[in-house]
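For the protein sequence lines, the chains are L and A, in the order given. FYI, in the UniProt record's numbering the residues of the first sequence are 1 to 356. FYI, in the UniProt record's numbering the residues of the second sequence are 1 to 356. Glycine residues also receive a C-beta, built at the ideal position from the N, C-alpha and C atoms. None of these values were measured; they are calculated from a predicted model. The structure appears below as structure tokens.
2 protein chains.
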Amino acid sequence: MSELMIERNPEPYNAEPVPGALIERFLTPQNLFYVRSHGPVPDLPADHRIEVGGISVGECSISIAELKARFPVRTVTAVLQCAGNRRTDLQQVGKTSGDPWDIGAIGNAEWTGVRLADLLDAVGASDASNLFVCFTGADEVDVEGEVAPFGVSIAMTKARAPDVLLAWAMNGEPLASEHGAPLRLVVPGYAGVRSAKWLTRIEVKDTPSEAPIQAHDYKLFPADVTSETADWTQGLTINAMPLNAAICSPGSGESLPAGKVRIEGYAVAYERDVSRVEVSLNGGRDWRQADFSDDPDGQWSWQRWSLDAELPKGRQHLVVRAFDDAGQGQPELPDTMWNFAGYLCTAWHHVHVLVE
Amino acid sequence: MSELMIERNPEPYNAEPVPGALIERFLTPQNLFYVRSHGPVPDLPADHRIEVGGISVGECSISIAELKARFPVRTVTAVLQCAGNRRTDLQQVGKTSGDPWDIGAIGNAEWTGVRLADLLDAVGASDASNLFVCFTGADEVDVEGEVAPFGVSIAMTKARAPDVLLAWAMNGEPLASEHGAPLRLVVPGYAGVRSAKWLTRIEVKDTPSEAPIQAHDYKLFPADVTSETADWTQGLTINAMPLNAAICSPGSGESLPAGKVRIEGYAVAYERDVSRVEVSLNGGRDWRQADFSDDPDGQWSWQRWSLDAELPKGRQHLVVRAFDDAGQGQPELPDTMWNFAGYLCTAWHHVHVLVE
């Protein structure tokens, strides 16, 4: 484990990089990419076979070597972000369940694999929009005492989207075990949880997965719902992810010498573009326009940004907010989006530093 | 002109319905649909011909009768909303240019016409994604002293989208003159300005329209840019529209009898879904979940919502906010999105009433 990783939970192993390391490269190295495990990390052989079945699909199995041989190999650059990223900001408002993620439960990688759509076509799956594709992982998950294999699903329409991959490589390297080796799903634009790791089975169904992760977890509820009162047939299944931005450098609590400082971070709008990023050096009273550091090709990457500023001595309060290409801005306060499971914190991000 | 329309400008004629009338029906009647003219309303004959030309297109013209005869007739239900809707909320923060729209510069209609894509195919237009389709209207527009025919453009990719129509009817009736008779463009999901009325010419170009409406208007700038300092080659061209919601009934300033009241309004998220609408009866301290009144088929409609509540006597402060299906909420304050032209106010909407 890299020294730049902060462990959020030893078992299951969950960790995120320190913010300054997160933002150093456009593509996040595997050993700095956040790890969100829901159970012990499985150890699967390279010749592991994935079962495929379900509605109008003849039960079969396929190996990674067969996927590579039968289908065109594709590369997609995409952010994966945990639905609980920035949960600590919501925990300032009130207690939530879940690991205390700071701003690092996100990473941007180049994924290599084959289109899920190509496999679905090859096995004769229907493309009817009322169907779901369900994924099972080799990891065993305990959701509120219910132990079952990890399972999630996505709607057939999304499953057929050209950038949804069955991936065996990340930034040109074989997937590390903690990132889903030997084969994982990558669903660009969706919360990380849908990108199932350690795939063991792919099944076409006419209902979403009934596995606890899909059915009783990763849903967004209003603030007046608690874990005790939640009706899991209600709530918003967290798929598409909202606009977000964070300051990665300087880090909160850092001491800096007076003078010039480069403020850096990320912003992400997924299927939309980030149209601008604004940084305040005085707690939100005035705003400056940050510059984009990247000019990504595809639509699923993050945009790193930077602003060069001079900070006077004393305690300084930095804030970032982004706007997307529909002119949509981020809500200011975490209070306005608090939910008991601590999902989807998109409030303006604040960093306090001491300039000496 | 309906007595339920509030004139915002006599010349060019701009008007919006009173909020309570706006929300009575899922489909907004033509005579209650906001009118945003940029010049005098043209009077074109029914046999008016529209020129078609540009890159790799043989110059030609087509009548509405020919469009109906040659291409399949399509119907799309879609909101059109002025980019300046709710400008009055931004004007509470600071002066802006533009007409003082309240919450009524929006309407939801069923549009009938043919796909723009079908016409583009028929005239041999390329579908290259670096091209633009430019539209000219019969209306003469004065933008900061520059008088020219109304002109806008959309990217070829959007122009080819199946729901973009050349429309001659609204809610099953021929287009009224103020809504663009005999033929207008309808670009679902985009600011109303792109849905050019009184079409005279359609042209494929490799640049956006150079008409003043496209080039020097309808762009979103940060708060520190003024009309004097604006660099019109910069700024965000307002196309896709953001999440929004408003309370239409009761209206602001109304007096109500104590007891039960139904609070009603609209919410719109365009290519996303509105996942929930929350109403506060006490200025934003507590929130209740509103019910959706509509279950629209397509993705371009608004969603009307309602909440039955009991209001105590006294001055009461109602607020609405919506969330989309990516969990994205609206920013709370208009201060955080103010811009000199008063575009895209998406702040929580407030209504003050007196309960007697």
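Under a CB-based cut-off of 7 Å, is residue i close to chain A?
i                      : result
residue 299 of chain L : no
residue 90 of chain L  : no
residue 332 of chain L : yes
residue 329 of chain L : yes
residue 326 of chain L : yes
residue 65 of chain L  : no
residue 242 of chain L : yes
residue 337 of chain L : yes
residue 236 of chain L : yes
residue 344 of chain L : yes
For residue i, which three-state DSSP category applies?
i                      : result
residue 166 of chain L : strand
residue 1 of chain L   : coil
residue 136 of chain A : strand
residue 339 of chain L : coil
residue 145 of chain A : coil
residue 193 of chain A : helix
residue 334 of chain A : helix
residue 234 of chain L : coil
residue 315 of chain A : strand
residue 219 of chain A : strand
residue 356 of chain A : coil
residue 179 of chain L : helix
residue 110 of chain L : strand
residue 70 of chain A  : helix
residue 214 of chain A : helix
residue 30 of chain A  : helix
residue 229 of chain A : coil
residue 198 of chain A : coil
residue 239 of chain A : coil
Give the straight-line distance between the Cα atoms of residue i and residue j, rounded to the nearest whole angstrom.
i                      : j                      : result
residue 255 of chain A : residue 280 of chain A : 18 Å
residue 316 of chain A : residue 290 of chain L : 41 Å
residue 213 of chain A : residue 153 of chain A : 10 Å
residue 124 of chain A : residue 56 of chain A  : 7 Å
residue 36 of chain L  : residue 91 of chain L  : 19 Å
residue 249 of chain L : residue 283 of chain L : 16 Å
residue 84 of chain L  : residue 80 of chain A  : 35 Å
residue 268 of chain L : residue 327 of chain L : 14 Å
residue 216 of chain A : residue 137 of chain A : 17 Å
residue 31 of chain A  : residue 131 of chain L : 42 Å
residue 64 of chain L  : residue 157 of chain A : 35 Å
residue 339 of chain A : residue 98 of chain L  : 39 Å
residue 107 of chain L : residue 34 of chain L  : 7 Å
residue 348 of chain A : residue 93 of chain A  : 14 Å
residue 194 of chain L : residue 19 of chain L  : 24 Å
residue 237 of chain L : residue 274 of chain L : 24 Å
residue 51 of chain A  : residue 167 of chain A : 16 Å
residue 210 of chain L : residue 116 of chain L : 21 Å
residue 121 of chain L : residue 185 of chain L : 17 Å
residue 230 of chain A : residue 241 of chain L : 32 Å
residue 165 of chain L : residue 129 of chain A : 24 Å
residue 344 of chain L : residue 173 of chain A : 44 Å
residue 287 of chain A : residue 322 of chain A : 11 Å
residue 204 of chain L : residue 59 of chain L  : 11 Å
residue 22 of chain L  : residue 78 of chain A  : 42 Å
Could you check where the beta strand (DSSP E) with residue i kicks off and where it finishes?
i                      : result
residue 20 of chain A  : It is not in any beta strand (DSSP E) - residue 20 of chain A instead sits in the alpha helix (DSSP H) that spans 19–22.
residue 81 of chain A  : 74–81
residue 260 of chain L : 259–268
residue 184 of chain A : 184–186
residue 276 of chain A : 274–280
residue 247 of chain A : 244–249
Which residues mark the beginning and the end of the alpha helix (DSSP H) in which residue i is found?
i                      : result
residue 91 of chain L  : 87–91
residue 210 of chain L : Taken as a continuous stretch (DSSP letters only), residue 210 of chain L belongs to no alpha helix (DSSP H), as it is neither H nor E.
residue 157 of chain L : 156–159
residue 122 of chain A : 116–122
Would residue i pass as an interface residue toward chain L - the criterion being a Cβ-Cβ separation below 7 Å?
i                      : result
residue 215 of chain A : no
residue 275 of chain A : yes
residue 21 of chain A  : no
residue 281 of chain A : no
residue 220 of chain A : yes
Report the partner residues of residue i according to the DSSP bridge assignment.
i                      : result
residue 174 of chain A : A:169
residue 61 of chain L  : L:51
residue 306 of chain L : L:264 and L:291
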